[in-house]
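These protein sequences, in sequence, are chains A and B.
According to the numbering used here, the first sequence is numbered sequentially starting from 1.
According to the numbering used here, the second sequence is numbered sequentially starting from 1.
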Amino acid sequence: MPVVVDPDLCNGCYNSRQPPCVRMCPGDLIVKDFQVNKAYLKYVDDCWDCLPCVKACPEEAIRFQLSYQMGFFNASLQPHIHRDRQHITWKMVDAHGREDTFTIRTKVMEVALDEKVEGEPTPDFSI
Amino acid sequence: MERPDQPALNRVTHETDVLIIGGGTAGCLAAVELKEQHPDLKVTIAEKAHVDRSGCLAAGMNAINAYLNPGETADSFVRYVRFDSCGLVREDLVKSQAELFEYVVKKVEGWGLPILCDEQGNYVPRGRWNIKINGESLKPILAKAARDAGATIHNWVVITGLLVSGGRCAGAVGFSLRTNTFYVFKAKATLICTGGAAGLYRPNNAYDAQHKTWYSPFNNGAGYAMGIRAGAEMTSFEMRYVALRTKDAIAPTGTLALGVGAPMVNARGERFMAKRYAHLGGDGAPTPYRAFGPIQEGKAGRGPCYLDTTHISEEQARQLKMAYLDMYPSQVLYWAANDLDPAKHPVEVQTTEPYIVGGHCQAGYWVDVERRTTLAGLFAAGDVAGGAPFKFVSGCWAEGVIAARAAGAEAASLPPPELEQHEIEYHYQRTFDPLFNYGKVKYGVKPYDMEVRMQKIMEEYAGGASGHYEMNEERLVLARNYMGQLPGQFDQLVVGDMHDLMRAHEVMDRVVVGQALIEHLIARKETRWPAYQTRTDYPERDDLHWLKFVNTRMDPATGKFELIFHPYEQLVPGDRYHPGEKPGKGA
């Protein structure tokens, strides 16, 4: 399972109908469960490891690890987007728990918390 | 609850001047160009994901790999691409895209793409045709430009077929992944930019890493398939793309080979490209040979092969990781998870499953120099357009612009098309058939099961990775026969929601693309591009008989493919098997 939404950190982007992770997945693989107000990777086997979901999550609630067949547990790589949107700091943990960080200069576009889908009726409970 | 159960399906009809199918690399540039040239035209993009992160560029890019660095010209680019494609390309197409590299790169830089410059303000090259960028947000930058230009964008609309009226493409139909809606787009001109096809062959990795592919697994060849079904002519599918990539992570190797000058070595440390392929250019041999070389080393028991990075310093290794983080973060995690350090360990490489992609190779629509397909009213740009390899990102941009100019001129002078209701009804039924089967067909076929069946046939009979990508006529005929049985099973597909309906269409599209591919592979009785197209029964290149393009056209009425051959035309003089030199050097 390459990316995992941490249910303890995900807040469903409040009442967002189409949270950033749901919108940014190019494979339509992440869905929001409105019963518990959290997103999850519904189609685990179809993930491409491309990470727009991880970078777009405002709560940094999506963990990126490799499928176990690709690399050992418990290595992970987490991006943190700086407020200037001009830098990303990647925190890397290797299989032995050693940490390293890389700050790269790049450009990261803002992602809105929600976006209306054309043709979709406005739900009653939206504010 | 994330999606409602199937209520009644809505229908909407959108009338537009130009419909762009696929809001990716080519589609976004086309939309902007259209609105700039013809502000009054209505431009509509139909995109099956969200344009901000759809298609190949979702993860970002760290280089533009087709650019004329100082001293190079469109002609020198054609010479190189011709050499890299083993002497057979559409030189008119390659040249026309090269002439626009400067225009499109400057344009996207103006939209905010950071391109690395030296102190004098010149772009930083990373190889003969490459410049470095900070492209994490390349895709959202392109999408924003298309939005700002005034294009109407329909996200999550999966196009399932082209509308043809009186022999002319009149738009397309599809369905929404979000709103249970059937879409009819009525257009004066249609531009197809849906990318190439991954997932035809069994993937390198299995289970929850089956989509750890190099090419976007969501690019299923839909654009080829809808064109084939509508009777458009396709070219050069047999020039498959087998990419040389890092082991398991399947990350691009240009960052290693060009970025830090890593040579390829076999298990014994031999620089086998220089040793065995010197006559073809050694490490600079045409791209197919740089996949073929390591495949042969493996076959001969001298694998695995590596890109030897052990000469680099720890600091260079850090820089290398940072370059990957802007484009392919999982490579960096792969090293961390497996105790690998590119400064200490050579980077193991492998070859991928074969893809069909017109931006690296030349599989795609047969187009004229304005990117008009053989179906009137339909234009093609980017990975879905054939004949012009070595496009990569900037070439797809250029093609988007070229096609937009021609499509815009046509749309501006035409009345809206007439649609035939019976054709719309046919497409409505075809689009939702797998969904209508739900509850009706007791034991149906799941899209995934059909995909596995298709991949098994392609892998085992049509030159898959496990057979060293080799093929002969006998196997290919078996592939043709087995693949030919799959369309008869489409009415057994059963799905329960819109996401799975998309998967059903993806596999149906892949099957028809696979069928066309097999016809191309059978037709070319030589080996022009080793690894991409290794014919064990015709192992040599044969310029006398096969210096020509193999095209196919499916008869929409019978489903039968006919072969069409087009001669190669040399426009740029010079030895077709020599990469040429920088014009400044007096080549």
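Positions of the beta carbon are idealized from the N, C-alpha and C atoms, including for glycine.
Worksheet item: Got a sec: is the Cβ-Cβ distance from R23/A to anything in chain B below 7 Å?
Response: yes
Discussion item. If you reduce the DSSP assignment to three classes, tell me which class W48/A lands in.
Written reply: coil
Worksheet entry | 7 Å Cβ cut-off: residues of chain B touching E118/A | H154
Fill in: Three-state secondary structure (DSSP) of N481/B
helix
Worksheet item: Given a limit of 9 Å on CB to CB distance, which residues of the stretch 51–67 of chain A reach chain B?
Response: L51, P52, C53, V54, K55, A56, F64, Q65, L66, S67
Worksheet item: Leaving out five residues before and five after H87/A in sequence, what residues of the same chain have Cβ atoms less than 6 Å from its Cβ?
Response: T103, R105
Item to complete: Pick helix, strand or coil for D100/A, following the three-state DSSP scheme.
Response: strand
Worksheet entry | Neighbouring residues, chain A, relative to E136/B (Cβ below 8 Å) | K55, I88, T106, K107, V108
Worksheet item: Interface residues of chain A around V332/B at Cβ under 7 Å?
Response: L77, M92
Worksheet item: Hey, quick one: how far does the alpha helix (DSSP H) through R510/B stretch, first residue to last?
Response: 498–523
Worksheet entry | C-alpha distance - G574/B paired with K139/B, whole-angstrom precision | When only Cα atoms are considered, G574/B and K139/B end up about 38 Å apart.
Worksheet item: Nearest to A243/B by alpha carbon, out of K188/B, P567/B, T374/B, R290/B?
Response: Looking at K188/B, P567/B, T374/B, R290/B, the one whose alpha-carbon comes closest to that of A243/B is R290/B.
Practice prompt. Compare the beta carbon distance of A531/B and F237/B with 7 Å and say whether it is the shorter of the two.
Written response: no
Worksheet item: Smallest Cα separation from I402/B: which of I115/B, C28/B, F272/B, S96/B?
Response: S96/B
Worksheet entry | Distance between P415/B and E2/B (C-alpha atoms, nearest Å) | Caution is warranted here: a pLDDT of 37 is assigned to E2/B, below 50, making its placement in the model unreliable, and the coordinate value is therefore given only provisionally. Distance between the alpha carbons of E2/B and P415/B: 42 Å.
Worksheet item: Using the C-alpha atoms, what's the distance from W214/B back to E297/B?
Response: Looking at the backbone, the Cα of E297/B and that of W214/B are separated by about 22 Å.
Worksheet item: Under 7 Å, do E348/B and Y306/B count as touching if we go by C-beta distance?
Response: Yes. Within cutoff.
Discussion item. Whole angstroms are fine: how far does the CA of A222/B sit from the CA of T179/B?
Written reply: Straight-line Cα distance between these residues: approximately 21 Å.
Worksheet item: Any beta-carbon of chain E closer than 7 Å to the one on Q210/B?
Response: Of the protein chains in the structure, A and B, none is chain E.
Worksheet item: Which bits of chain B does D46/A rub up against, with CB to CB less than 8 Å?
Response: Q210, H211, P217
Item to complete: From the DSSP output, read off the bridge partner residues of Q78/A.
Response: K91/A
Practice prompt. Can you have a look at L544/B and say buried or exposed, based on whether 16 or more other CB atoms are within 10 angstroms of its CB?
Written response: With fewer than 16 other Cβ atoms inside 10 Å of its own Cβ, L544/B counts as exposed.
Worksheet item: If we count Cβ pairs, one from each stretch, closer than 8 Å, do we get three or more for the stretch 196–213 of chain B versus the stretch 506–513 of chain B?
Response: yes
Worksheet item: Nearest chain A C-beta to A587/B closer than 7 Å, yes or no?
Response: Unreliable positioning characterises A587/B in this predicted model, as indicated by a pLDDT of 40, which lies under 50. A coordinate reading is not provided.
Practice prompt. Going by DSSP, name the residue or residues bridged to T160/B.
Written response: DSSP lists no partner for T160/B.
Item to complete: For chain A, find out if any of its Cβ atoms is closer than 7 Å to the Cβ of P203/B; answer yes or no.
Response: Chain A contact via Cβ: absent.
Worksheet entry | Of the listed residues R17/A, P26/A, A56/A, nearest to F34/A (C-alpha basis) | Of R17/A, P26/A, A56/A, the residue nearest in Cα terms is R17/A.
Practice prompt. Quickly, what does DSSP pair K55/A with across the bridge? List them, please.
Written response: Partner(s): none; K55/A has no beta bridge.
Item to complete: May I have the straight-line CA-CA distance separating H578/B from L563/B, to the nearest angstrom?
Response: If I take the Cα positions, the gap works out to 30 Å.
Worksheet item: How far does the alpha helix (DSSP H) with H545/B in it reach, from first residue to last?
Response: 543–546
Discussion item. Buried or exposed for E110/A, going by 16 or more other Cβ atoms inside 10 Å?
Written reply: exposed
Worksheet item: Around the C-beta of A206/B, are 16 or more other C-beta atoms found within 10 angstroms, so that it is buried, or is it exposed?
Response: exposed
Worksheet entry | Cβ neighbour criterion (16 or more within 10 Å) applied to A187/B | Here A187/B is buried, its C-beta having at least 16 other C-beta atoms within 10 Å.
Discussion item. Just to check my reading of the structure: G386/B and G400/B have Cβ atoms closer than 8 Å, yes? What is that Cβ distance to the nearest angstrom?
Written reply: No, G386/B and G400/B are not in contact; Cβ-Cβ is about 15 Å, not under 8 Å.
Worksheet item: Do you know how far the Cα of D94/A is from the Cα of C47/A?
Response: 22 Å
Worksheet item: Using the C-alpha atoms, what's the distance from T552/B back to H505/B?
Response: The alpha-carbon atoms of H505/B and T552/B are separated by roughly 22 Å.
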